[in-house]
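Written out below as structure tokens is the structure these notes cover.
Chains as they are written, first to last, in this note's numbering: chain A, 2 to 414; chain B, 2 to 414.
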């Protein structure tokens with residue numbers, strides 16, 4: 002990889018050759034992939050990019066830590082739509098608002114970007130098997146992307162994992178190990194198994210390439226905006242890997258001169274689980290929190306990518322905002338009603354945060370904002386149903402329809 | 002619309018000016034939109050098409066029945082991925098196999114193509130409200146596409162519609178009427194309400210523009226195959242509108258000289274509900290059937306687009322194949338395991354049909370096939386759960402993991 006210099010520990014600064022199965026520093030710190038931007042600048046221009054017909058995350062190859070000979074992964078990951086939403090902007094009192102619907106990825110979440118990267122690196126490593134522990138989007142995206150590439154997956158889930166998610170994994174042919182115990186127990190068994198069999202490791206905060214996959218979301222946002230930088234980009238934050246990737250992509254583009262300034266990040270967490278935002282707000286180190294939110298994908302009390310995430314928020318002079326579950330479900334309906342975008346609870350938490358910041362007068366008519374929706378609402382139908390109430394239920398009879406409309410106070414034109 | 006000549010009844014041949022709110026013929030027949038292919042040929046070439054950056058269904062404007070001034074609808078509909086699947090082809094004994102994953106549309110089904118067209122035509126008609134009856138996907142796609150365009154929707158679903166689909170509708174802000182009865186009962190109530198209130202009608206087989214939206218799936222398939230015609234295109238069939246649209250797109254391309262022959266269609270229905278295939282197989286008129294299949298989107302006992310669908314299958318010298326629910330769920334796992342594509346039961350019925358035809362020796366090593374997956378499996382997680390069986394369930398203990406692997410005959414490398 003001529004475009005990559007090395008992996009560098011974000012804690013102690015030690016560097017490592019960027020081998021495909023790179024994990025963490027001996028000090029325990031997470032590694033960051035460091036690029037040779039001079040090399041990249043000579044090879045990637047806005048014009049060469051605009052001419053490419055590859056509309057996936059792999060159109061940004063020069064900025065990705067893969068060998069030049071590594072083939073794109075099979076599923077169409079990335080290049081999700083960025084919708085300008087003037088009606089919602091007006092409703093919230095913003096100058097401009099765009100929604101990046103990353104629930105439009107193959108397994109319906111932004112995590113496909115990280116899992117596709119894991120599959121590409123596993124192939125470089127000559128691995129036939131990839132493993133991870135997760136109950137949610139990381140697992141399903143890994144299972145799907147690996148299946149398409151002909152790689153086997155071993156996925157460790159805590160026994161409380163919802164059956165629907167397990168069904169998705171099993172449909173993709175993963176070997177699913179449901180561990181009778183806590184998430185920590187699950188993680189430990191996955192670690193022991195990965196150590197024993199040498200499987201390729203897709204555990205977040207262990208594998209430094211994952212956030213490099215995720216950063217393609219901001220590369221796309223900026224290209225889709227024709228390199229016009231918005232004032233803010235809002236995203237939900239759980240483990241921290243996603244916001245770290247988002248920021249990395251922006252810094253890459255700044256480093257190679259594609260954008261001339263950096264937006265500020267908006268880190269949105271749930272009130273019931275906001276260890277990273279709390280650290281920013283108090284100026285103290287982060288401490289574990291309970292996981293009291295229905296937004297399961299960001300219910301992470303012990304974030305494993307805390308260092309990278311906190312740096313990203315601070316470096317960008319970012320805003321933090323914590324929203325209640327009710328505010329999350331309101332945002333889900335708002336995006337559905339106004340934009341035709343159906344996000345899962347964690348997926349719409351960024352938008353909930355934007356709305357709250359608008360209502361507080363912190364964001365307003367001078368501001369342009371991109372809000373990233375990180376996962377599709379079909380992943381968690383139960384919560385959407387709870388938020389929406391029941392439909393009108395009647396026999397096939399016009400009188401009953403008229404009655405029902407009247408009972409609900411609907412005046413039909 | 003200079004590219005459109007008129008709507009023509011498929012039964013009696015009577016023609017109608019192609020106004021935006023065009024419905025059916027006075028004789029009760031469905032209308033087909035007839036184009037001026039000479040006009041289109043002068044304006045659309047493979048080169049002009051290849052140069053377009055619009056990667057949605059609207060890239061085929063010259064072949065679509067919309068005014069030149071009509072804006073594309075807001076959501077990114079169409080240009081779903083077409084995956085070549087050499088491993089699955091080898092497994093089934095086919096020369097070549099591609100999977101068109103139309104579950105990657107904004108509301109996760111092919112029906113987005115028809116609903117986007119309905120929204121475009123409703124705007125041309127100056128309508129503020131659109132209504133339809135649907136087993137699910139037509140409804141959710143209409144609700145989503147209309148919400149994004151700022152139009153209201155009234156949607157009639159049978160009470161058996163999966164919860165995921167209803168949750169989508171409510172999140173998109175539709176007024177949902179869940180009808181206690183069959184699809185037929187649901188349709189009748191929607192018809193009465195549409196007549197009463199004059200809403201824009203998005204019912205299949207009433208609105209002749211819908212299959213014109215759906216035809217974009219075959220326009221895309223052929224462009225993605227660089228105009229190399231496969232031997233067969235397989236798709237699941239319920240109401241009949243989709244296969245009719247698929248065929249229309251192919252005939253359009255043939256008429257303007259983009260392809261030099263036509264593929265044969267494979268019409269896949271469920272054994273428990275196959276009125277159209279039965280008509281083809283017996284050579285008799287179609288008769289209603291019960292709706293005995295878990296593939297809810299094609300559980301249509303009284304298909305409303307029978308005329309167009311039967312013509313399409315016959316004109317293409319098509320094959321029919323009826324599959325059991327067990328074969329449908331096997332196909333779901335097969336696509337998941339081998340391709341990383343998660344389809345809903347009706348969505349994978351085409352692939353189930355291809356598999357069955359391969360096993361029967363009707364398709365084989367000389368054949369190239371495109372199989373269209375019409376909807377995402379996340380729409381119906383309950384059935385996927387039933388099909389998948391249970392994961393390995395153990396405490397966090399390496400010995401127990403080894404035991405479990407050994408019991409299942411898994412040899413781990």
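The beta-carbon is built from N, C-alpha and C at its ideal position, and this holds for glycine as well.
By alpha-carbon positions, which one of the options ends up nearest to residue i?
| i | options | result |
| --- | --- | --- |
| residue 286(B) | 403(B), 273(B), 176(B) and 303(B) | 303(B) |
| residue 228(A) | 39(A), 15(A), 50(A) and 14(A) | 50(A) |
| residue 20(A) | 29(A), 28(A), 27(A) and 2(A) | 2(A) |
| residue 99(A) | 107(A), 149(A) and 82(A) | 82(A) |
| residue 326(B) | 271(B), 318(B), 311(B) and 188(B) | 271(B) |
| residue 210(A) | 8(A), 349(A) and 413(A) | 8(A) |
| residue 24(B) | 196(B), 361(B), 151(B) and 158(B) | 196(B) |
| residue 291(A) | 301(A), 283(A) and 256(A) | 301(A) |
| residue 113(A) | 382(A), 282(A) and 377(A) | 377(A) |
| residue 72(A) | 122(A), 226(A), 337(A) and 346(A) | 122(A) |
| residue 382(B) | 324(B), 74(B) and 296(B) | 296(B) |
| residue 45(A) | 254(A), 102(A), 6(A) and 126(A) | 254(A) |
Is it right to say residue i is buried, meaning 16 or more other beta carbons lie within 10 angstroms of its own, or is it exposed?
| i | result |
| --- | --- |
| residue 165(B) | buried |
| residue 315(B) | exposed |
| residue 179(B) | buried |
| residue 260(A) | buried |
| residue 133(B) | buried |
| residue 395(A) | buried |
| residue 363(B) | exposed |
| residue 389(B) | buried |
| residue 242(B) | buried |
| residue 411(A) | exposed |
| residue 348(B) | buried |
Is there a C-beta anywhere in chain B that falls below 7 Å from the one on residue i?
| i | result |
| --- | --- |
| residue 227(A) | no |
| residue 77(A) | yes |
| residue 340(A) | yes |
| residue 159(A) | no |
| residue 46(A) | no |
| residue 163(A) | no |
| residue 351(A) | no |
| residue 121(A) | no |
| residue 382(A) | yes |
Apart from the five residues on each side of it in sequence, which residues of its chain come closer than 7 Å, Cβ to Cβ, to residue i?
| i | result |
| --- | --- |
| residue 293(A) | 273 and 274 |
| residue 265(A) | 232, 233, 317, 318, 319 and 320 |
| residue 94(B) | 359, 365 and 366 |
| residue 245(A) | 212, 306, 309, 310 and 313 |
Helix or strand or just coil, what does DSSP make of residue i?
| i | result |
| --- | --- |
| residue 35(B) | strand |
| residue 6(B) | strand |
| residue 354(A) | helix |
| residue 268(A) | strand |
| residue 224(A) | helix |
| residue 285(B) | coil |
| residue 412(B) | coil |
| residue 146(B) | helix |
| residue 212(A) | helix |
| residue 83(A) | strand |
| residue 1(A) | With chain A covering only 2 through 414, there is no way to say anything about residue 1(A). |
| residue 386(B) | helix |
Any beta carbon of chain A sitting closer than 7 Å to that of residue i?
| i | result |
| --- | --- |
| residue 127(B) | no |
| residue 213(B) | no |
| residue 137(B) | no |
| residue 399(B) | yes |
| residue 379(B) | yes |
| residue 190(B) | yes |
| residue 272(B) | no |
Which residues in the same chain have their Cβ closer than 8 Å to the Cβ of residue i, if we skip the five residues on either side of it in sequence?
| i | result |
| --- | --- |
| residue 181(A) | 160 |
| residue 26(A) | 10, 12, 13, 15, 17 and 32 |
| residue 184(B) | 134, 136, 159, 292, 300, 301, 302 and 303 |
Would the C-beta of residue i count as close to the ligand NAP, meaning under 6 Å from any of its heavy atoms?
| i | result |
| --- | --- |
| residue 226(B) | You won't find the ligand NAP in this model; it holds no ligand whatsoever. |
Going along chain D, which residues have a C-beta under 7 Å from residue i?
| i | result |
| --- | --- |
| residue 61(B) | This model lacks chain D altogether, as its protein chains are A and B. |
Skipping 5 residues on each side, what residues in its chain have a beta carbon closer than 6 Å to that of residue i?
| i | result |
| --- | --- |
| residue 169(B) | 141 |
| residue 90(B) | 97 and 98 |
| residue 175(A) | 144, 154 and 156 |
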